Amino acid sequence: MTLLEVSDLTVRIGETTVVDGVSFTIDGGERVGIIGESGSGKTLTALSIIGLAPDEAQITGSILLDGQELLGRSDRDLAVLRGDRVAMVFQNPLTSLNPVMKIGRQIAEPLRLHRGIGRNDAAAAALELCKRVGLPDPERAVNAYPHQLSGGQRQRVGIAIALACRPALLIADEPTTALDVTVQAEVLALLDALIVDQGTALLFITHDIALISQVARRLLVMRHGAIVERGDVADLIDRPEDPYTAALVTAARRTTLDDTDELVPSAAAGVAQPGREGVVRPGTDPGTAVPPDAHIDAEPGVGPAPREVDRGTAH
Ligand SMILES: Nc1ncnc2c1ncn2[C@@H]1O[C@H](COP(=O)(O)OP(=O)(O)OP(=O)(O)O)[C@@H](O)[C@H]1O
Ligand SMILES: [Mg+2]
531 MTLLEVSDLT VRIGETTVVD GVSFTIDGGE RVGIIGESGS GKTLTALSII
581 GLAPDEAQIT GSILLDGQEL LGRSDRDLAV LRGDRVAMVF QNPLTSLNPV
631 MKIGRQIAEP LRLHRGIGRN DAAAAALELC KRVGLPDPER AVNAYPHQLS
681 GGQRQRVGIA IALACRPALL IADEPTTALD VTVQAEVLAL LDALIVDQGT
731 ALLFITHDIA LISQVARRLL VMRHGAIVER GDVADLIDRP EDPYTAALVT
781 AARRTTLDDT DELVPSAAAG VAQPGREGVV RPGTDPGTAV PPDAHIDAEP
831 GVGPAPREVD RGTAH
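Residues in the sequence shown are numbered from 531 upward in steps of one, following my numbering.
Given below as structure tokens:
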């Protein structure tokens with residue numbers, strides 16, 4: 531059952547086309563990754579879906595959620611949807627959290643807004659959510675301000691806020707890039723467990739092809755605002771067809787190569803599937819494959835208007 535259908539999404543800012551005719555779908559409960567170099571339009575694609583693209587962005591195309599067109603909706607309509615049917619976890623939890631509001635209230639807010647839950651019940655639910663996302667000392671955490679928590683704890687709060695209303699779709703835009711490697715693995719495992727539990731679909735944005743192989747089954751590769759290749763993650767790693775994807779895989783191999791010559795031991799086995807828990811295994815190190823800021827240039831000859839390679843496995 532198609533949950534999200536993005537068709538020919540194009541975002542222009544001034545004279546520049548920053549997202550260029552992007553089309554893809556996500557089924558209910560499905561996990562899809564977007565990978566691409568810095569500036570390739572990943573975040574603007576996500577922000578367009580959730581109605582948070584900057585005011586100066588001109589957006590055309592179509593974004594259907596549950597068959598309903600989102601483009602052209604009023605800010606008020608989109609605010610009603612946001613945090614309810616679709617929610618987002620951002621790269622930097624310190625900037626996405628309100629610095630002057632206690633954690634408990636920030637988690638309770640979507641519940642009050644979207645579910646009409648009263649203050650006390652929402653506060654109790656926020657405390658429960660703090661426990662569910664594994665915040666140490668949850669009673670203290672609800673009364674803390676964001677700056678009083680560690681980076682990993684703040685991202686757990688971001689996840690609690692995003693999942694509070696059990697959205698049908700969670701967009702995670704590099705949710706672990708700002709965290710150190712062991713915390714990354716913990717936060718990913720948490721995300722994985724919660725979305726499996728809630729049947730939430732996931733759109734996961736990253737620079738890291740090794741990481742995405744552990745999180746999503748289907749991958750969209752973006753470059754210069756367009757999708758240049760798409761397909762099953764394990765296939766793309768084994769047989770990348772677009773030179774940019776090949777460059778990403780080569781770069782990831784360079785940093786993760788071990789004696790077995792495997793990019794990711796779990797390239798196929800670790801692919802997340804609905805109903806499977808613990809996709810991110812303790813001890814794996816999803817953060818080291820491609821440094822977060824890695825700028826990987828494709829081979830010469832790849833022009834700015836890439837031709838998309840479609841393996842027929844993705845839609
Ligand atoms: N508010 C804005 N005004 C003008 N240009 C913008 C704005 N936001 C993004 N852009 C431009 O749009 C392009 C795509 O940006 P976007 O943030 O979607 O890239 P990204 O793929 O998420 O990159 P990164 O991996 O660095 O997060 C970039 O060239 C960026 O400079
Ligand atoms: Mg981005």
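Using N, Cα and C, we set each Cβ at its ideal position, and we do this for glycine too.
Owing to the predicted nature of the structure, the values given are computational and were not obtained by experimental measurement.
Residue i - DSSP class collapsed to helix/strand/coil
i	result
I482	Residue 482 lies beyond the residue range present for the chain, which begins at 531 and ends at 845; the question has no answer from this structure.
V548	strand
V859	Since the first and last residues shown for the chain are 531 and 845, residue 859 lies out of range.
I701	strand
P795	With a pLDDT of only 38 at P795, under the threshold of 50, the placement of this residue in the model should not be trusted; the figure read from the coordinates follows. In the structure shown, P795 sits in coil (DSSP, three-state: anything other than H, G, I, E or B).
A638	helix
A708	coil
R647	It should be noted that the sequence gives Ile, not Arg, for residue 647. Note: I647 maps to coil in three-state DSSP.
R603	coil
G688	helix
L720	helix
P584	coil
R784	helix
R670	helix
R696	coil
K632	coil
L659	helix
G571	coil
G682	helix
L624	helix
E838	coil
In DSSP terms, what residue i is bridged to
i	result
I589	V541
Q598	L595
I579	I579 pairs with nothing; no bridge assigned.
D557	T532
R612	V616
Closer than 8 Å: residue i CB and nearest ligand 4 heavy atom
i	result
D722	In the structure shown, ligand 4 is absent; the only ligands present are ligand 1 and ligand 2.
Touching by the beta-carbon criterion (3+ pairs, under 8 Å), the segment 721-730 and the segment 691-699: A contact exists between the segment 721-730 and the segment 691-699.
Secondary structure, alpha helix (DSSP H): runs of 4+ residues fully inside the segment 729-780: For the segment 729-780, whole alpha helix (DSSP H) runs of length 4 or above, ordered along the chain, are 739-745, 763-768.
Cβ contact check for the segment 585-594 and the segment 625-638: 3 or more pairs under 8 Å: By the criterion of at least three beta-carbon pairs nearer than 8 Å, the segment 585-594 is not in contact with the segment 625-638.
The segment 567-586 / the segment 543-558 touching (three or more Cβ pairs under 8 Å): Yes: at least three Cβ pairs fall under 8 Å.
Any heavy atom of ligand 1 nearer than 5 Å to the CB - residues listed: Residues with a Cβ closer than 5 Å to any heavy atom of ligand 1, in chain order: I543, V548, S568, G569, S570, G571, K572, T573, L574, P584.
Given 8 Å, three or more beta-carbon pairs between the segment 621-629 and the segment 604-611: When C-beta atoms of the segment 621-629 are compared with those of the segment 604-611, fewer than three pairs fall below 8 Å, so the two segments do not count as touching.
Contact between the segment 774-786 and the segment 736-752 (3+ Cβ pairs under 8 Å): Yes, the segment 774-786 is in contact with the segment 736-752.
Given 8 Å, three or more beta-carbon pairs between the segment 675-689 and the segment 703-711: In short, these stretches touch, since the Cβ pair count reaches three.
Stretch-stretch touch, CB-based, cutoff 8 Å, three pairs: the segment 614-626 with the segment 646-663: Result no; under three Cβ-Cβ pairs closer than 8 Å.
Segment contact flag, the segment 558-574 with the segment 754-770, C-beta cutoff 8 Å, min 3 pairs: Judged by Cβ distances under 8 Å, the segment 558-574 makes contact with the segment 754-770, as three or more pairs qualify.
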